[in-house]
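Beneath this line is the structure, given in structure tokens, with notes to follow.
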Amino acid sequence: MVLVDLLSAIGGLIRVKESADIDNAVFKLHYKITTTMLFGFCILITANSIVGDPINCHHGGSEGLQDDVVNTYYNPAFKFAGIGPYEEGDTMIYHAYYQWVPFLLFIQGILFYSPHWLWKAWEGRKLDAMVMGLSSPAVTQEERREKIYILTDYMVRSLHRHHFYAFKFFFCEFLNFTNTVFNLWFLNKFLGEKYMSIGIDLLKYVGEDDSKRTDPLIILFPRVTKCNFYLFGPSGTRQNRDILCVLGLNVINEKIFVFLWFWFIFLAIVSALGMIYRGIIYCLPVIRIGLLLKKAQIKYKNALKVLSKHLQAGDCFMLHLLSKNLEFLSFSSLLEEMFRKFDSRTSLQTDVEFNSNTDDEAYDMMNPKT
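Here is the structure:
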């Protein structure tokens, strides 16, 4: 019940106030899904350490050793992975990560949330101010028309001024990818140099013959180890006692970190593909304008040519975010009004005039002073 309550508390923390959607699905995989999973794993390991026995050591009745003392103070000691007789040429494997797993998972959760926090701070709720309640389908026709005129006027007046806004988002997307690769690299250093290939090794292990295969997880996440426990003798000299320890938490640790290996690989791939897609859209105006027209379902013959001539990458990125936050009719009307303003030679030219007071009001609304 305690664990359920803790997980419920984490669920409450990630419920944020409803606001404009300022990112994309890949971005959400990092700061929503991954961060929530890492904090959940952290709570699971911590709760299991408190309720259960993280380690159970057996010293064989060695003089001067007590079970509660050994089990409490095992942490500072390095542990040798696995047990068995030492043979010449064998490499001794040491693990000292056992006590640090919850702290690592917590720090990783913060790292995966950081790019979102940075983008949210840079964005400054600008999109919220621009949407002006148009995301609701219950807006009256008169209200929609008035707000669309204001938003259209702002987009036309601020044309070519959204490059830095878009660049900051692209930079945060790059941070997401870099952070994923860094976490894979750091886990490899933290758990042992064999972690980077643990997923591939595990798949090979599953396909091998039972008589020949060796579980790769035993090396990284041993269930039984030999621990060093140091005492001081009557003369003050340090004495070493070899103790056999059962690491119960590694049964959970191995499953968590194997899952994270596959998840981080997946995140790195989709993040890289997202950046490639972003680069293609940035370099090809016809594609980015065509996607906007498809969302708005505008089929004027010269719409692609006219909008491609006026809209740059930053403007298209802003319109893309608006398309995710505006109700369909509102976004379609916005793009249509912009098209009419840009193409003064078409029969769709509008007679709507914006006085200077409305212009100033619109610009102030879209650029709130902080």
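Counting along the sequence shown from 1, when you hit position 41 you're at 26 in the numbering used here, and nothing is skipped either side.
Ideal Cβ positions, reconstructed from N, Cα and C, are used throughout, including at glycine.
Can you tell me whether DSSP reads residue i as helix, strand or coil?
i      : result
ILE35  : helix
ASN287 : coil
GLN387 : It is not possible to answer for residue 387, since the shown part of the chain is limited to -14 through 355.
LEU229 : strand
TYR82  : coil
GLU108 : helix
VAL243 : helix
VAL209 : strand
LEU216 : strand
Tell whether a beta-carbon distance below 9 Å holds between residue i and residue j.
i      : j      : result
SER308 : LEU289 : no
ILE40  : LEU176 : no
ARG130 : SER318 : yes
TRP246 : ILE183 : yes
VAL11  : SER256 : yes
LEU89  : ASN164 : no
ILE30  : PRO87  : yes
LEU144 : LYS132 : no
PHE154 : MET260 : no
TYR150 : GLY264 : no
HIS43  : LEU216 : no
ILE250 : LEU169 : yes
PHE242 : LEU188 : no
PHE24  : PHE91  : yes
LEU136 : LEU306 : no
MET140 : MET323 : yes
LEU202 : TYR83  : no
LEU304 : PRO270 : no
PHE316 : LYS280 : yes
PHE302 : HIS147 : yes
ASP227 : LYS211 : yes
ARG110 : ALA32  : no
If residue i sits next to residue j, beta carbons under 8 Å apart, how far is it from one beta carbon to the other, in whole angstroms?
i      : j      : result
ILE7   : GLU108 : 5 Å
VAL116 : LEU311 : 7 Å
LEU359 : ILE272 : Absent from the model: residue 359. The displayed extent of the chain is -14 to 355, so no value can be given.
LEU252 : LEU14  : 6 Å
Hey, is residue i close to the ligand SAM, as in C-beta under 8 Å from one of its heavy atoms?
i      : result
SER318 : This structure simply doesn't include the ligand SAM, nor any ligand for that matter.
| said: Does the stretch 94 to 103 come into contact with the stretch 158 to 174, if we say contact requires no fewer than three beta-carbon pairs (one atom in each stretch) closer than 8 Å? | reply: Yes: at least three Cβ pairs fall under 8 Å.
| What are the uninterrupted segments assigned as alpha helix (DSSP H) that are 4 or more residues long and contained completely in the stretch 146 to 201, given in chain order? | Those alpha helix (DSSP H) runs which fall completely within the stretch 146 to 201 and span 4+ residues are 148 to 176 and 183 to 192.
| Segment contact flag, the stretch 200 to 208 with the stretch 236 to 256, C-beta cutoff 8 Å, min 3 pairs | Yes, the stretch 200 to 208 touches the stretch 236 to 256.
| task | Pick out the complete alpha helix (DSSP H) segments inside the stretch -1 to 26, 4 residues or longer, and give them in chain order. | result | Listed in chain order, the complete alpha helix (DSSP H) runs (minimum 4 residues) inside the stretch -1 to 26 are 10 to 13.
| Unbroken stretches of the alpha helix (DSSP H), 4 residues or longer, contained in the stretch 260 to 321 | For the stretch 260 to 321, whole alpha helix (DSSP H) runs of length 4 or above, ordered along the chain, are 270 to 281, 288 to 295 and 298 to 310.
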